[in-house]
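Using our numbering, read the sequence shown as starting at 46 and increasing by one per residue.
Here a beta-carbon is modelled for each residue, glycine too, at the ideal position from N, C-alpha and C.
For clarity, every value in this text was computed on a predicted model and none was experimentally measured.
Read the structure below first, then the notes.
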Amino acid sequence: MNLGVTDLEKNREITVIILGATGDLTIKKLIPSFNKLSKEFRITLVAVSRRDYTLKDYKNYLKTEKVTVNNKIKLFYFQANFRDEDSLQDLKKVLKKTGSDKQERIFYLASSPEFYKGIIKQLGDCCKNINTKLMIEKPFGHDLKSSKKLDMCLKKKFSEENIFRVDHYLGKETVNNILTLRLSNPFLESTWNSKFIEEIKITVSEDYGVEGRMEYYDEAGALKDMVQNHLLQILSFLLMNPPKSTDSASIQKEKVKALKKLRFVSLKKGRYKNYLKELKKETGKKESSTETYVLLQLASKIFKWRGTKIFLETGKNLSKKDARIEIIYKKKPCYLYCDLNTNPNKLVIKIQPKQDIDFHLNTRKHGSSLEIENVKMKFRKGKKFISNTPGAYEVLIRECINNNRTLFITQKELEQSWKLIDLITQKTKDYKVFIY
Ligand code: BG6
46 MNLGVTDLEK NREITVIILG ATGDLTIKKL IPSFNKLSKE FRITLVAVSR
96 RDYTLKDYKN YLKTEKVTVN NKIKLFYFQA NFRDEDSLQD LKKVLKKTGS
146 DKQERIFYLA SSPEFYKGII KQLGDCCKNI NTKLMIEKPF GHDLKSSKKL
196 DMCLKKKFSE ENIFRVDHYL GKETVNNILT LRLSNPFLES TWNSKFIEEI
246 KITVSEDYGV EGRMEYYDEA GALKDMVQNH LLQILSFLLM NPPKSTDSAS
296 IQKEKVKALK KLRFVSLKKG RYKNYLKELK KETGKKESST ETYVLLQLAS
346 KIFKWRGTKI FLETGKNLSK KDARIEIIYK KKPCYLYCDL NTNPNKLVIK
396 IQPKQDIDFH LNTRKHGSSL EIENVKMKFR KGKKFISNTP GAYEVLIREC
446 INNNRTLFIT QKELEQSWKL IDLITQKTKD YKVFIY
């Protein structure tokens, strides 16, 4: 089987219009991804932003940000103030100039979310062709109601099969691997239930703070910024029933069911020490009840998960950057060669910075007849392998180009996770945040 890039793909022409071309996402994630993808596709990039730049100015700006668009990519710049209702009218002319009328087009919404609705409306009116797709980043609203409103606005202008809702955690290698790991190893899948599993824990810790995004973050907090999307997405892959087939609709259907059956148990909220100082400096606000850390306990009402404890933990300004999934098995049944001190079996799926998979087992301590020790069986991807692992955005853009929807979230999944988050927000609104 040849999984390499075919000549046909190499010649495929794609035009990508990035709305919000001077933002962090474009600079740090999108441009490096398109540079890599330009080895596979013939890419035209139209960078759209509010700044009154010429193409030369834009290139200079990129230089100051230490990125370049490689010379395989045809680059255009278009200035638009997204606050104006007709700011994208002339984009049509630029698209004509690129000669992309009949090519596949992807609009990448990388602007501040306050402009989403205006942009979507204008794009729908001025710049769609039959091959237009829209990639859109979170936040998809700030609660169930606003998420539905945004969806209505999207659906007025784009059909569902052309909307690709991005959760960049789904492009990460080991998150992507969860279903394969479960379903291609019968010994795992046949013990993948509360009879054997005591606890599921997902941890995403960061060793930096809000970093200049206070305007957005203070409205969101850790629960909406991380749990509503990334952590619940990972959890849905862990709890879902095996899909009927590997097509995206079957997988997404099971994910929705898993999300629907989640039940809130408890929540702890924390906030890092300098948060209020940073908030005041950036926004002038003095008070806030926003959390930068959460430890959330959930339970699943799915019969096979009854009794398994589920913990989701995430926070900023913690001691290290680390993301992992821990599946902790029950100690029982174990009759011989085990005692109270025997450690449980544990499967650890590391998401970042490492992408290892560890399995913790008990063995006879070397040279001793009775003592038992816990050892780690490690699947470690070598350095070479890791450096070849495509970044999450590269994976997702390629999947969008290839029309594979499995790694994108559906509105149904979004609505289920917002329902849960709205309920938790309501129930815990008076909880105090502890300072760390
Ligand atoms: C984003 C959040 O979705 O994910 C950020 O808005 C967070 O607050 C980031 O820092 C984490 O992504 P990663 O890939 O660095 O773990």
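{"query": "Check each candidate in P158, I466, Y153, C379 and name the one with the smallest Cα separation from N390.", "result": "C379"}
{"query": "Let's see if you can read the secondary structure: which residues bound the alpha helix (DSSP H) around R443?", "result": "437-446"}
{"query": "What residue ranges within the region 317-351 form continuous beta strand (DSSP E) runs of no fewer than 3 residues, ordered along the chain?", "result": "338-345"}
{"query": "Out of K426, E256, N221, K166, point me to the one whose CA is closest to C198's CA.", "result": "K166"}
{"query": "In this structure, how does DSSP classify H275 when only helix, strand and coil are distinguished?", "result": "helix"}
{"query": "Enumerate in chain order the residues of its own chain whose CB-to-CB distance from T236 is below 6 Å, with the five nearest sequence positions on each side excluded.", "result": "none"}
{"query": "Please state the DSSP three-state secondary structure of D403.", "result": "strand"}
{"query": "Determine whether the beta carbon atoms of S83 and N115 lie at a separation below 7 Å.", "result": "yes"}
{"query": "I'd like the ranges of any alpha helix (DSSP H) spanning at least 4 consecutive residues and lying wholly in the region 220-247.", "result": "223-229, 231-234"}
{"query": "Examine ligand 3 and report whether any of its heavy atoms sits within less than 6 Å of the Cβ of D131.", "result": "Ligand 3 is absent from the structure shown, which contains only ligand 1."}
{"query": "For the beta strand (DSSP E) that L359 lies in, which residues bound it at each end?", "result": "The residue you asked about is not Leu; residue 359 is Thr in the sequence shown. Taken as a continuous stretch (DSSP letters only), the beta strand (DSSP E) holding T359 covers 354-360."}
{"query": "Exposed or buried, which one is V310 when buried takes at least 16 other CB atoms within 10 Å?", "result": "exposed"}
{"query": "Does any heavy atom of ligand 1 sit closer than 6 Å to the C-beta of D263?", "result": "no"}
{"query": "Can you have a look at Y253 and say buried or exposed, based on whether 16 or more other CB atoms are within 10 angstroms of its CB?", "result": "exposed"}
{"query": "Let me check you understand the geometry: is the CB of D270 closer than 6 Å to at least one non-hydrogen atom of ligand 1?", "result": "yes"}
{"query": "Take the Cβ of N362 as the centre, count every other Cβ of all protein chains shown within 10 Å, and call the residue buried at 16 or more, exposed below.", "result": "buried"}
{"query": "List the whole-angstrom C-beta distance separating Y122 from A92, where the pair is believed to meet the contact cut-off of C-beta under 8 Å.", "result": "5 Å"}
{"query": "Quick check on DSSP: helix, strand or coil for T60?", "result": "strand"}
{"query": "Here's the rule: buried if 16 or more other CB atoms are within 10 angstroms of the residue's CB, otherwise exposed. What is L48?", "result": "Summary for L48: the model assigns pLDDT 46, below 50, so the residue's position carries little reliability, and this model does not support an answer."}
{"query": "Do you know whose CA, among L107, V220, S204, lies nearest L283's CA?", "result": "V220"}
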